[in-house]
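Each protein sequence line maps, in turn, to chains A and B.
Read in order, the letters of the first sequence are residues 1 to 288 in our numbering.
Read in order, the letters of the second sequence are residues 1 to 306 in our numbering.
Input: a single structure, listed below in structure tokens.
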Amino acid sequence: MAGYVFLSPWLLGFIGLTLGPMVASLYLAFTDYNLFTAPEWTGLENLTRMAGDEKFWSSVRITLVYVLVGTPIKLAAALGVAMLLNYKARGTGFFRSAFYAPSLIGASVSIAIVWRAMFSTDGPVDGTLNLFGINLGGWIGNPSLIMPMMILLAIWQFGAPMVIFLAGLKGVPAELYEAASVDGARAWRKFLSVTVPMLSPVIFFNLLLEMINAFQVFASAYIIGSGTGGPGGATNFYTVYLYTRAFANNQMGYASAMAWVLLLAVGVLAFILFRTSRSWVHYAGDSK
Amino acid sequence: MTTIESNPAVPVPVNPDDPTMRAPRRRPMRRHIPTAIWIIGIVALTAIVLYPLLWMVSASLKPNSEFGSNQGFLPENPTFDNFVKVMQGIAGIPTWKFFLNSLLLGVGAVIGTVISSSMAAYAFSRINFRGSKILFAAMIGTLLLPFHVLIIPQYIIFRNLGLIDTFWPLLAGKFLATEAFFVFLMVQFIRNLPRELDEAARIDGCGHARIFFSITLPLIKPAIITSSIFAFIWSWNDFLGPLLYLNSPDKYPLPLALRIFNDQTSTSDYGATIAISVLALLPVMLFFVIFQRFLVDGVATQGLKG
């Protein structure tokens with residue numbers, strides 16, 4: 001009984017703001033609802049409309065590229081820098097903090113504005129590239145350069161997974177590396193045969209969390225595209241399109257259907273990760 | 001070892017076929033060469049990572065006439081004009097008002113998060129009750145739940161309650177521990193506390209309320225500090241929540257104010273937009289510099305997101 005007293009705020013939130021809304025949005029996904037008249041049951045119409053909605057598919061493509069290309073690069077950077085920091089036993093606290101800072105502010109509107117400015121025509125990125133004879137003429141107006149710019153912004157926030165990798169690296173017993181050295185293993189071999197298997201639970205954790213987070217990127221895409229999905233629809237990320245449908249066009253039913261499609265997609269991705277993890281994630285004490 | 005390291009030009013004779021020579025001689029060599037490269041690499045990396053932050057500070061000090069013409073990193077005629085101008089506000093609202101709104105939301109988020117999350121964490125880690133395992137699993141499940149499936153029904157709920165254009169929709173979730181990260185962080189912390197303390201208190205006749213307030217809360221202070229800082233910064237940076245629920249500019253927190261600056265002035269008044277961005281990040285960076293240990297260690301041990 002005392003348990004439920006202490007749990008009551010969370011339980012109220014869980015039922016009222018999580019479970020209830022989940023069920024409600026599942027219902028709304030099969031309706032036509034504009035917020036002002038009662039929801040009208042339309043069955044699978046939202047899904048069939050979605051299948052023929054070009055803007056929907058482009059938002060799917062944009063988001064998948066961002067998640068499937070951006071996240072692995074970000075995690076590779078995080079692991080690389082973590083190994084670099086782990087190489088020295090002392091005096092790395094400052095760098096660890098400095099590298100972590102972008103993770104704390106990277107999703108803010110301020111940074112989106114700064115990113116926009118840095119990559120604009122005459123901005124510092126363009127200016128630096130000009131020195132090397134590369135003339136892109138600004139990234140902001142160019143639809144094909146928006147994605148690299150967004151992925152760079154994601155990579156810049158490598159600090160959070162890096163800190164987690166670093167904690168994992170500290171837990172790898174030095175004897176394993178010594179044993180590998182005795183067996184004549186070189187650096188690359190040690191990385192593949194000691195570091196990666198020993199870190200695999202952390203890699204799995206980071207991969208799952210970062211991918212799910214990447215699906216939900218909103219503020220940066222919204223600000224960089226001025227809320228319109230521009231230029232040329234290049235910042236029309238899934239979340240931006242969902243927001244537009246729901247709150248600019250008042251199509252709550254269609255947007256709910258989109259939300260559930262995303263939930264299922266994330267669920268499938270998590271399921272695949274968990275299933276394949278049996279073959280590549282090793283836990284300490286495991287016989288594998 | 002130090003002498004060898006400080007003389008990079010001196011070659012160390014190594015006979016690879018002599019096993020007695022090999023081990024002691026190779027070590028310093030191997031360590032020595034990467035040390036220089038390591039330092040260069042790490043410093044270069046730091047410069048790249050911190051560059052956007054340094055650039056924004058420098059750009060905020062440039063007079064508007066230098067944008068486009070002065071491609072250099074530093075302003076030729078540094079000025080605080082941008083800050084003076086930006087403090088006057090936008091859309092008829094003085095800028096301090098946006099700061100105040102952000103501050104109110106941030107403080108509310110901290111209070112709500114700490115109270116509700118610590119209570120839930122105590123229940124999950126110290127009280128045996130029916131269904132606690134299932135509910136804990138459900139709580140962990142919400143960590144992976146994309147917020148999209150919730151925003152539309154939540155919006156409808158708050159709209160029906162007549163709470164649109166108030167701070168309540170933004171604070172309600174905080175007082176109801178909907179951010180599972182904080183509950184999880186505190187659960188992990190409480191689980192590491194010795195149970196004997198609770199048991200001793202129970203023998204002395206203390207109930208759960210007394211144990212929670214007198215024993216658990218004081219002992220989880222580090223977790224409370226970490227949670228408070230994250231709750232504040234996430235609230236300070238939140239854009240979607242205010243975008244959904246707030247309509248009147250005088251209720252806008254900074255992220256929404258930034259958006260107006262960005263939309264209305266970015267083409268004509270570049271410096272002002274960057275200056276307000278700097279001002280908006282300042283408190284976060286200040287928090288970060290003061291509490292970096294708590295934050296980074298919190299991430300490292302709990303796998304907390306950034």
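Ideal Cβ positions, reconstructed from N, Cα and C, are used throughout, including at glycine.
Note that the structure is a prediction, hence the values are computed from the model and not measured.
Determine whether the Cβ of A/S287 lies closer than 9 Å to any Cβ atom of chain B. With a pLDDT of only 43 at A/S287, under the threshold of 50, the placement of this residue in the model should not be trusted; the figure read from the coordinates follows. For A/S287, the answer is no, since every Cβ of chain B falls outside 9 Å of its Cβ.
Residue-level contact to chain B via CB, A/K88, 9 Å cutoff: yes
Need the endpoints of the alpha helix (DSSP H) that A/L68 sits in, please. Per DSSP, A/L68 belongs to no alpha helix (DSSP H) and is neither H nor E.
Option nearest B/D238 by Cα separation, candidates A/G267, A/I105, A/V172 and A/W260: A/I105
Which of helix, strand or coil does DSSP assign to A/D32? strand
Taking the alpha-carbon positions, what's the A/L209 to B/F182 distance? Taking the straight line from one Cα to the other gives about 16 Å.
Which whole runs of the beta strand (DSSP E) in the stretch 111 to 157 of chain B are 3 residues long or more, in chain order? none
heavy atom of the ligand FAD below 8 Å from B/S116 C-beta: For the ligand FAD, the structure offers nothing, since it holds no ligand at all.
Determine the DSSP secondary structure at A/W41, reduced to helix, strand or coil. strand
Just confirm the distance between the C-beta atoms of A/A246 and A/A29, as a whole number of angstroms; I'd bet it's less than 8 Å. That belief does not hold up - the Cβ atoms of A/A246 and A/A29 are roughly 12 Å apart, past 8 Å.
From A/I272, A/T276, A/V261 and A/L269, residue whose alpha carbon lies closest to that of A/T48: A/V261
With a threshold of 16 other CB atoms inside 10 Å of the CB of A/A248, please say whether the residue is buried or exposed. exposed
Please classify B/I190 as buried or exposed, where buried requires at least 16 neighbouring CB atoms within 10 angstroms. Taking a 10 Å sphere around the C-beta of B/I190, we find 16 or more other C-beta atoms and assign the residue as buried.
I'd like to confirm the pairing. Which residues does DSSP put opposite B/I276 in its beta bridges? Paired residue(s): none; B/I276 is not in a bridge.
Kindly indicate which three-state DSSP category A/S287 falls into: helix, strand or coil? Residue placement at A/S287 is flagged as unreliable, the pLDDT there being 43, under the threshold of 50; a coordinate-derived value is accordingly withheld.
Would B/A123 count as contacting chain A if we go by Cβ distances under 9 Å? Chain A contact via Cβ: present.
So does the stretch 50 to 69 of chain B actually touch the stretch 269 to 280 of chain B, counting three or more Cβ pairs closer than 8 Å? yes
Is the shortest distance between the beta-carbon of B/D263 and the beta-carbons of chain A less than 9 Å? yes
Quick check: is the beta carbon of B/L171 nearer than 9 Å to any beta carbon in chain A? no
A/I111, DSSP secondary structure in three states: helix
Quick one: grab the DSSP three-state call for A/I224. helix
When you compare the CB of B/N82 with every CB in chain A, is at least one pair closer than 9 Å? No, B/N82 lies away from the interface with chain A (no Cβ there is under 9 Å from its Cβ).
Would you call B/R259 buried or exposed, if buried means 16 or more other Cβ atoms sit within 10 Å of its Cβ? buried
Short CB-CB distance (under 9 Å) between B/M186 and chain A: no
Would you say B/L219 reaches chain A, if we count a Cβ-Cβ gap shorter than 9 Å as a contact? no
Given a cut-off of 9 Å on the beta-carbon distance, is the pair B/L240 and A/F237 in contact? no
Rounded to whole angstroms, how far is the Cβ of A/I203 from the Cβ of A/A77, which I believe are closer than 8 Å? Contact flag wrong, Cβ pair sits at about 13 Å.
Tell me, please, whether the CB atom of B/A300 is closer than 9 Å to any CB atom in chain A? Yes, its Cβ sits closer than 9 Å to a Cβ of chain A.
Residues bridged to B/I90 [DSSP beta-bridge criterion]: B/I93
So with CB distances below 8 Å, who are the chain B contacts of A/Q251? The CB of A/Q251 never comes closer than 8 Å to any CB in chain B; the least such distance is about 10 Å.
is_contact[B/F239, chain A] using C-beta, thresh 9 Å: yes
Could you have a look at A/H282 and say whether DSSP puts it in helix, strand or coil? coil
Nearest to B/I39 by CA position, among A/M211, A/F95 and A/P9, is which residue? A/F95
Check whether the Cβ atoms of A/L322 and A/A82 lie closer than 9 Å to each other. Here chain A comprises residues numbered 1 to 288, so residue 322 of chain A is not present and cannot be evaluated.
N-terminal and C-terminal residue of the alpha helix (DSSP H) that B/K62 is part of: Segment: none, B/K62 is in no alpha helix (DSSP H) and carries neither H nor E.
For B/A177, which residues from the same chain have a beta carbon less than 6 Å from its beta carbon, with the 5 sequence-adjacent residues on both sides left out? Counting only Cβ-Cβ distances below 6 Å, and skipping sequence neighbours, we find S116, S117, A120 and V183.
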